[in-house]
Structures are given as C-alpha cells and as structure tokens.
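If you count by the working numbering, then the sequence shown holds residues 133 to 306, one letter each, in order. One structure is given below, encoded as structure tokens.
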Amino acid sequence: MLRPIVLYPDPRLKMKSKAVLQFGPELKELAADMTETMRDACGVGLAAIQIGEPIRMMVMDEHYDQEDKGESLVMFNPEVLAEEGSETIEEGCLSIPDVREDVERSFKVKVKYRDLGGLEKVSEFEGLLARCVLHEIDHMNGQLFIQRVPAVKRLFLKKQLDHLKKNYQEAVRL
Ligand code: ZN
C-alpha cells in the first residue's frame, strides 16, 4: 500500500527513531509498503520515519539501476562498523522535494543490521548504496542531508526551503 511521504519541515523528521526489538509479521507488511512508496517516488532508499513510523528501519534498492529490481533490502537498527574514503556528489531526499545539493560522505561503509527475521547481518556497501545507508541512518537520528551542506551553500538553499515551508503551512491549514 502506498503511504504518504512525510515532507519537510514536518517536525517528525527531527525525531530520533527507536530500535526495533521485536520482529513480528507486521514488519513485512510495513517493508512492502515502504518499498512500494519508495519505488513510486523513484527513490533508492527510504527510512520508516519518512512514512511517519519512528522506528530504526529502512528499505533500499540494491539493484536500483536495473529494470527488474527484485526484492528490496530491508534493514533494522543499522550501525556503521567502519567507513572508508570519501566522495562528494549531489544528493536529494524524498522528504525534501526538488532540493539537491553536493554532500560529502564516506565512499565505503561496513554496516551491522538485523534482517526481517531479526537475524544479525554484516554487509559492505560502496558509492551510492553507502551514501544511501548513511542518509537513512541520519533520518533515524532526526538529521536531514541539508544539515550536512556547508553553511555558505545553505544560503542558496534557503529560498527553496522557505518555499517548502510555505507549502507545508498551507497544506496543514486545510
Ligand atoms: Zn531522505
């Protein structure tokens, strides 16, 4: 089921999400909803808080560049064990439509997480997938990628963000 994406500057995006301790069947349904919502919006990853669920959970399409994306990767309580290298490329966020900015992040990450069955896994990701994992972990900590944009560049962003704030205020007033 498609779920509405929580949009900036919704205060929920500043929430710290809680660790998942029980792996019941309802999480499979939530993962399916998140995957459908992410793909509908042409995203590569999505954190649960972006559909209003404040739990440490994310989905990511490892085969985002292929026609048949297969199953999405579902990760709970992801934790970075090691990071390597750095890369600065343009980044966006489904919760901050039409805003893109260069962000520096590690090129490679080693991540510990739990899968849908609650089993502990360790995986390594590179490039865009590493960036995606780090971006979603930021969401779980109430952080947005625009906070990682250097202050000088953030001035440029202000106009776009003000526009989103205005739209948001108009929308919630209805
Ligand atoms: Zn995002």
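Ideal placement from N, C-alpha and C gives every residue a C-beta, glycine not left out. On a predicted model such as this, the values are computed, not experimentally measured, just so you know.
Residue from the options with nearest C-alpha to residue i
{"i": "Pro210", "options": "Lys201, Leu251 and Val138", "result": "Leu251"}
{"i": "Glu168", "options": "Pro136, Lys285 and Ile278", "result": "Pro136"}
{"i": "Gly274", "options": "Leu145, Leu162 and Asp172", "result": "Leu145"}
{"i": "Gly189", "options": "Gly177, Arg237 and Asp230", "result": "In the sequence as presented, Gly is not what sits at residue 189; that position holds Met. Closest option to Met189, Cα to Cα, is Gly177."}
{"i": "Met133", "options": "Lys160, Ala164, Pro141 and Met147", "result": "Ala164"}
{"i": "Tyr245", "options": "Arg280, Arg263 and Leu205", "result": "Leu205"}
{"i": "Phe155", "options": "Cys174, Leu248, Leu276 and Leu287", "result": "Leu248"}
{"i": "Phe277", "options": "Gly224, Met207, Gln292 and Lys150", "result": "Gly224"}
{"i": "Leu296", "options": "Val265, Phe257, Cys264 and Asp230", "result": "Asp230"}
{"i": "Val284", "options": "Tyr196, Glu203 and Asp234", "result": "Asp234"}
Residue i: first and last residue of the uninterrupted alpha helix (DSSP H) it sits in
{"i": "Cys264", "result": "Gly259 to Met272"}
{"i": "Glu168", "result": "Glu158 to Asp172"}
Backbone secondary structure at residue i - three-state DSSP
{"i": "Phe239", "result": "coil"}
{"i": "Val284", "result": "helix"}
{"i": "Glu216", "result": "strand"}
{"i": "Tyr245", "result": "strand"}
{"i": "Arg135", "result": "coil"}
{"i": "Glu199", "result": "coil"}
{"i": "Leu153", "result": "coil"}
{"i": "Glu233", "result": "strand"}
{"i": "Leu289", "result": "helix"}
{"i": "Lys253", "result": "strand"}
{"i": "Pro143", "result": "helix"}
{"i": "Leu296", "result": "helix"}
{"i": "Glu185", "result": "coil"}
Beta strand (DSSP E) segment containing residue i, residue limits
{"i": "Phe277", "result": "Note, Phe277: premise wrong, no beta strand (DSSP E); not H, not E."}
{"i": "Ala179", "result": "Gly177 to Ala179"}
{"i": "Met192", "result": "Met189 to Met192"}
beta-carbon residue i near the ligand GTP non-hydrogen atom, thresh 8 angstroms
{"i": "Ser227", "result": "Judged by which ligands are present, the ligand GTP is missing from the structure shown, whose ligands are the ligand ZN."}
Quiz item: Between the stretch 211 to 219 and the stretch 227 to 246, are three or more C-beta pairs nearer than 8 angstroms?
Solution: yes
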